[in-house]
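Read through the structure below, which is laid out as structure tokens, and then see the notes.
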Amino acid sequence: MSRKPWILLAVAATGLALAATFVFQPKPGALLALKPAPPPPTPYDWSAQVEWIAGDGVRGLRNGAARQARLDDPYGLVRTGDGTLYFSDAGDNNRIRSMTPDGRVATVAGSREGFADGVGLAAAFNTPSGLALDGDGNLYVADTGNHAIRKISKQGAVTTLAGDGTPGYRDGAGRQAQFDGPMGVAVSRRGRVFVADTYNDRIRVIEPDGTVSTLAGNGKPGFADGAAAIAQFDTPTALALDAQGLLWVADTRNKALRRVQPDGDVSTLSLLPATLGQSPLVRPAALAITHDGLFYVADQAMGMTFQIRRDGNWVVLSGDTQDQRLSRPGGLALGGDGSLYVTDAASHRLHRIAPAAPAVTPLANGPVGPAEADPLPDTAGRWPLQPQDGWHEVVGTLGEVRGDGNGEARHHLHGGLDIRGDIGQAVLAIADAKVSAPVASWGFGNLGEGAELGRLSYIHMRVGRSARGEPLDPTRFKPIYGDDGRLERMRLRRGTRFVVGDTLGTINPMAHVHLSLGPSGYERNAIALNFVGYADHVAPRLERIELLDTLGQPLKDKREGRLLVSRALSGLQIVAEGWDQVDDNLPRRRLGLYTLGYQWLDAKGEPLPGYEAPRMNIEFDRLPPDDTTQTIYAPGSGITVHGSAVTRFRYVLSNTVRGGRVSEGLWLPSELAPGDYTLRVTARDYSGNEAGGRRELAIRVQ
49 MSRKPWILLA
59 VAATGLALAA
69 TFVFQPKPGA
79 LLALKPAPPP
89 PTPYDWSAQV
99 EWIAGDGVRG
109 LRNGAARQAR
119 LDDPYGLVRT
129 GDGTLYFSDA
139 GDNNRIRSMT
149 PDGRVATVAG
159 SREGFADGVG
169 LAAAFNTPSG
179 LALDGDGNLY
189 VADTGNHAIR
199 KISKQGAVTT
209 LAGDGTPGYR
219 DGAGRQAQFD
229 GPMGVAVSRR
239 GRVFVADTYN
249 DRIRVIEPDG
259 TVSTLAGNGK
269 PGFADGAAAI
279 AQFDTPTALA
289 LDAQGLLWVA
299 DTRNKALRRV
309 QPDGDVSTLS
319 LLPATLGQSP
329 LVRPAALAIT
339 HDGLFYVADQ
349 AMGMTFQIRR
359 DGNWVVLSGD
369 TQDQRLSRPG
379 GLALGGDGSL
389 YVTDAASHRL
399 HRIAPAAPAV
409 TPLANGPVGP
419 AEADPLPDTA
429 GRWPLQPQDG
439 WHEVVGTLGE
449 VRGDGNGEAR
459 HHLHGGLDIR
469 GDIGQAVLAI
479 ADAKVSAPVA
489 SWGFGNLGEG
499 AELGRLSYIH
509 MRVGRSARGE
519 PLDPTRFKPI
529 YGDDGRLERM
539 RLRRGTRFVV
549 GDTLGTINPM
559 AHVHLSLGPS
569 GYERNAIALN
579 FVGYADHVAP
589 RLERIELLDT
599 LGQPLKDKRE
609 GRLLVSRALS
619 GLQIVAEGWD
629 QVDDNLPRRR
639 LGLYTLGYQW
649 LDAKGEPLPG
659 YEAPRMNIEF
669 DRLPPDDTTQ
679 TIYAPGSGIT
689 VHGSAVTRFR
699 YVLSNTVRGG
709 RVSEGLWLPS
719 ELAPGDYTLR
729 VTARDYSGNE
739 AGGRRELAIR
749 VQ
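Start counting the sequence shown at 49; every next residue gets the next number (our numbering).
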């Protein structure tokens, strides 16, 4: 299992555009054919710099100077005319906080997880999400975990506008109405409060007199345009009103932007397709609109922000390079100077995305992503299977090469730690956790089915179901049934809590649990969780070392037992093949290596200058992007489950892999004077065992 190479979608941001077409779709999910609109508009571009403005990247609670402040799950975001930012901070903080123009972070309201009105710290929230401001400066909060909409006056008094605190669906007077995990909120000039009722898959409205009604959506998750009563949404999360007062919805699981007319009629903005005709959006979950009708969207799956025009054309603002990728953007707010503010929930930071000169290479101004000091989840070394304090076999590690089952053996990288288990065995939480993502489970009925709880993902299981497919805990795993009464999927609401040992599901036919640590794009090596009883006294094994030419062919000419290398060659790749095991692995089980490097020795066996210690170019402490798989691994790599005759890991040591970043390199024979040398390769596993086997290659440079 691995994160997908979402970045490749950005290549479709060309100058061609499609007409903005709002179409009635009588068949849910069936998009009408898109036709280019002649003549195409002039291509446009938007270069951006991502600036770090608040949160030190470590999960926690601390007010004060913005960059020293600590945040947990910063999500909803609004900006006032004087430049003050208000943001919801969920997770364990459950507060509404502010950042003033002078760079100070403070708490506005809330002090604990709960449901209580009051002034300032006397109030309580449970997983606050979207925010909105009215013309009088009152703040509105989609209080997701309390299934309610709250209002904060300019004086800091918190009241409940609508919702009785329990999940459900009921229109009527405000405090008697029911919502199910509302995440988005917007306020019109007339004082109408629109609500993205996320897990009811409806758009609701609260009138100035407090009455709640349904504006659009029939309550069944799906994708259908048309009149209010037949329109369908799937996990709508963010709302924004345009200059004409029309409501727009980030329909997260439908990968779409939807428009809702005052009468509830729903239409979909047709976007210029990305690669393979897909929407450029994957999990849109934050939305802002300028006065002249430009959309800004943040996508949680890709860590990207987009600018989208009404003609369907779009461009990536940030996230198409590794330096700018956000981990889970939650809220957007527009600045008066053309900039964009964004919360990055899983990185515990706030950023400003500012326009840059077209000639400037987009970079990040300051850190992006979780800080290195962000602590690991408190697992106490538990395993996701019974016994949680006893040994289990590790059958896959982070960074191993994987194929796609269709003959491509170097398709993607393995993104976590695989722990063998029996089909149908219960999968257990290894740490207390709170669900943050709006869409926290995926792949129902597929081998890759899984769920994300906080910073840990558990994959290859029947989420929330027994071995027979029966729902285990419908209060936390919300079952979704089709018209035929069959179970179609299981939902995990944002804000749901789990504790150590809770059953999360059962192992599916993959016969192992894939445990992934960290948000997409910032996955860490889960072996760092120090599992109880895990031991590795087995040294890795190196099988061969090769030098490849520019065509990827190994050099083969030898004389007197030495490989002949011409100084005229333009550059060579250094390739080492090896594998590892841990204690009590089956003999046939081959695991990937943790770190590898090389050094050059002279004819006397002494290291050359600059090679006194091995250059450990490859280290799988974090997961690199999938599109670097063929940079890290040489041809011939692959594992048996994807058609290879034998598991082979052939690492390109002349390239560099560290901290999840990859750079290409070549060894230049011209760096050495003619003579005899030895290329020595060093490989170690996470426990520090050093490889034996064929560690050296004798060469003659001529």
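Note that CB positions come from ideal geometry on N, CA and C, so glycine has one too.
Option nearest residue i by Cα separation, candidates the options
| i | options | result |
| --- | --- | --- |
| R513 | G493, D531 and F343 | G493 |
| G463 | P435, V547, P425 and G566 | G566 |
| A225 | T148, D245, R238 and D347 | D245 |
| T688 | A393, S387, D426 and V449 | V449 |
| S780 | V694, R728 and D675 | Nothing can be reported for residue 780, as the shown portion of the chain is limited to 49 through 750. |
| G472 | A499, H459, H460 and E518 | E518 |
| V167 | R198, D184 and T192 | R198 |
| D470 | D359, L433 and L335 | L433 |
| G429 | G438, G658 and P328 | G438 |
| Q348 | A286, D150, S702 and T208 | A286 |
| Q326 | K303, G312, R307 and E536 | K303 |
| R110 | R240, H396, D628 and V98 | H396 |
| A419 | G378, D733, W362 and R107 | R107 |
| R301 | G293, Q292, R307 and P269 | P269 |
| A196 | N186, I254 and L596 | I254 |
| F546 | F525, A559, D532 and E536 | F525 |
Straight-line Cα distance separating residue j from residue i
| i | j | result |
| --- | --- | --- |
| F70 | F343 | Legend: pLDDT at F70 = 30, less than 50; position of this residue unreliable, no value from coordinates given. |
| A739 | R592 | 12 Å |
| P310 | D273 | 15 Å |
| Q73 | A275 | Since pLDDT at Q73 reaches only 29, below the 50 mark, its modelled position is unreliable, and no value is offered. |
| V700 | D290 | 52 Å |
| N562 | H339 | The question names Asn, yet the displayed sequence has His at residue 562. Going from the Cα of H562 to the Cα of H339 covers about 46 Å. |
| P91 | L319 | With a pLDDT of 35 at P91, under the threshold of 50, the modelled position of this residue cannot be trusted; read the value that follows with caution. One C-alpha to the other measures close to 15 Å. |
| D683 | R698 | It is Pro, not Asp, that sits at residue 683 in the sequence shown. Going by the C-alpha atoms only, they are around 7 Å apart. |
| K83 | G341 | With a pLDDT of only 27 at K83, under 50, the local geometry of the prediction cannot be trusted, and the value read off the model is given with reservation. Cα to Cα, the separation comes out at about 22 Å. |
| T353 | A298 | 13 Å |
| Y134 | G204 | 12 Å |
| A731 | P321 | 44 Å |
| W490 | N578 | 27 Å |
| L119 | A333 | 20 Å |
| D191 | D385 | 30 Å |
| P88 | R539 | Here P88 scores only 32 on pLDDT, less than 50, and its place in the model should not be relied on; the value that follows carries that caveat. Using only the alpha carbons, I get a separation of about 42 Å. |
| P557 | R468 | 11 Å |
| A172 | A210 | 15 Å |
| L374 | R331 | 13 Å |
| R223 | I401 | 39 Å |
| G713 | R615 | 17 Å |
| D130 | A117 | 21 Å |
| G741 | Y646 | 15 Å |
| W296 | D628 | 52 Å |
| L501 | V749 | 55 Å |
| L64 | P328 | No answer about L64 holds up, because its pLDDT of 26 lies below 50 and its placement is not dependable. |
| P403 | V363 | 13 Å |
| A277 | G267 | 9 Å |
Segment limits, beta strand (DSSP E) that includes residue i
| i | result |
| --- | --- |
| T353 | M352 to I356 |
| I772 | Examination of residue 772 is not possible in this model, given that the chain is present from 49 through 750 alone. |
| Q621 | Q621 to W627 |
| Y134 | L133 to A138 |
| Y734 | Run containing Y734: none; DSSP gives neither H nor E here. |
| A291 | Careful: A291 lies outside any beta strand (DSSP E) and carries neither H nor E. |
| A170 | A170 -> no beta strand (DSSP E), and no H or E assigned at all. |
| D212 | Taken as a continuous stretch (DSSP letters only), D212 belongs to no beta strand (DSSP E), as it is neither H nor E. |
| I401 | R397 to P403 |
| I200 | A196 to I200 |
| Q436 | Segment: none, Q436 is in no beta strand (DSSP E) and carries neither H nor E. |
| P122 | D121 to R127 |
| L639 | First-last for L639: undefined, no H or E at that position. |
Host alpha helix (DSSP H) of residue i (start-end)
| i | result |
| --- | --- |
| Q678 | T677 to I680 |
The region 615-631 contacting the region 714-733, beta-carbon criterion three pairs below 8 Å: yes
Stretch pair the region 589-605 + the region 653-666: three plus CB contacts closer than 8 Å: no
Cβ contact check for the region 172-184 and the region 227-243: 3 or more pairs under 8 Å: yes
Within the region 550-618, ranges of the beta strand (DSSP E) (whole runs, at least 3 residues): Listed in chain order, the beta strand (DSSP E) runs fully inside the region 550-618 are 551-555, 560-565, 589-596 and 610-613, counting runs of at least 3 residues.
The region 355-373 / the region 471-488 touching (three or more Cβ pairs under 8 Å): no
Minimum length 3: unbroken beta strand (DSSP E) runs contained in the region 466-534: 474-476, 498-501, 504-507, 509-511 and 525-529
Touching by the beta-carbon criterion (3+ pairs, under 8 Å), the region 134-143 and the region 157-165: yes
In chain order, each beta strand (DSSP E) run of at least 3 residues that lies wholly inside the region 328-392: 332-337, 343-347, 352-356, 362-366, 377-382 and 388-392
Whole runs of the beta strand (DSSP E) within the region 651-724, excluding any shorter than 3 residues: 663-667, 698-700, 704-706 and 709-711
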